[in-house]
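In terms of the numbering used here, the sequence shown opens at residue 27 and continues consecutively.
Yeah, the Cβ is synthetic: ideal placement off N, Cα and C, and Gly gets one too.
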Amino acid sequence: MDLGLKGKVALVAASTKGLGKATAAALASEGAEVIINGRDRQNINDAAEEIKSRTGQSPFTVQADVTKAEDIDRMFDEIAARFGTVQILVTNAGGPPAGGFDDFTDDQWMSAVELNLMSTVRLIRKAAPFMKKERWGRIVNIVSLTVKQPIDNLLLSNSVRTSIIGLAKSISKDLARDNVLVNNIAPYYVSTKRIDYLMEQPATRLGITKEVAMKNIVNEIPLGRLGTPEEFGNLVTFLCSDKNSYLTGSTIQFDGGAYKGIF
Ligand SMILES: NC(=O)c1ccc[n+]([C@@H]2O[C@H](COP(=O)([O-])OP(=O)(O)OC[C@H]3O[C@@H](n4cnc5c(N)ncnc54)[C@H](OP(=O)(O)O)[C@@H]3O)[C@@H](O)[C@H]2O)c1
């Protein structure tokens, strides 16, 4: 199937590792002009090299911290100077720290809002005018299964990420007139570096090893394993493609069947 992605300009934010990097590689392998981003220059160079060796495509790179408005402005200046447009945007950032209600100060709450909500707002604010002008665009927000089913001890993720769902649903209606489709993907546990960090908390709390904590999680997943970043990248790539022409305002869980609700 030709996904119609050849030559499409695609920014994947926070994409030097994990889900972002796998998404950038999947888009590049379909012929998109991919822009990757992160805070650390060495990570950026390593990811660009890896994507080139896997797909034959050299990504355009921008060093920027998505929690800083001025970095996002500069990133779009660099993209506009190189490509003149952005047609696909995948919003992403690091995850907020794990913990419960008694663990966080106001400053930590506000940092999570900056990291996850405001980065998404600012990235979309800069990308949407290009997409409207093109009368074609795809926006996919990487969120978490926490938006459908809160996860123990991930209070900041459980709370802040749901605001992205409200944002996406609201703007999907306005942008639909210009053929700009906006969707969210809600991963459960996918085998990236963040998983190692996330296992530390239940392991310490329950006095078990990280391996046992992981086994407990895998036991809750009907497909009996974690998702891979590559499988995740494939789903995002479909949503960003021409073949997704009618799905907008939706949140799709990527969870091996772990979500316990019906809708
Ligand atoms: N993996 C999972 O199972 C899972 C499940 C649910 C939700 N999520 C969420 O999905 C997102 C991606 O997760 P992941 O597992 O791919 O994480 P990861 O492997 O830790 O990768 C995070 C990426 O984001 C970049 N990054 C972090 N903060 C940034 C910032 N302020 N500005 C620009 N780039 C930044 C990092 O690069 P630098 O450090 O070089 O900047 C890195 O490339 C996170 O929000 C995570 O909480 C993940």
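Taking a cut-off of 8 Å for Cβ pairs, the stretch 140-152 and the stretch 81-88 do not touch, as fewer than three such pairs fall below it.
At a Cβ-Cβ threshold of 9 Å, residue 114 and residue 164 count as neighbours. Three or more Cβ pairs closer than 8 Å define a contact, and the stretch 233-250 falls short of that threshold against the stretch 187-196. A check of alpha carbon separations from residue 224 across 68, 148, 125, 75 identifies 125 as the nearest.
With contacts defined by Cβ atoms closer than 9 Å, residue 39 and residue 69 do not form a contacting pair. In this structure, DSSP gives residue 86 an extended state, which the three-state scheme calls strand. Under the 10 Å beta carbon count, residue 287 is surrounded by fewer than 16 other beta carbons and is classified as exposed. In terms of Cβ geometry, residue 134 and residue 182 form a close pair [threshold 9 Å].
Assignment of beta strand (DSSP E) within the stretch 203-233, counting only whole runs of 3 or more residues, yields 206-213 in chain order. In this structure, the straight-line span from the alpha carbon of residue 203 to that of residue 256 is close to 32 Å. With respect to the 9 Å criterion, residue 45 and residue 266 are not classified as neighbours on the basis of their beta carbons. Residue state for residue 263 is assigned as helix, using DSSP reduced to three classes. Judged by beta-carbon spacing, residue 65 lies within the 9 Å limit of residue 90, meaning their Cβ atoms are closer than that value. Residue 174 places its beta carbon less than 9 Å from that of residue 277. Residue environment for residue 27: exposed (fewer than 16 other C-beta atoms within 10 angstroms of its C-beta).
Bounds of any beta strand (DSSP E) do not take in residue 177, whose DSSP letter is neither H nor E.
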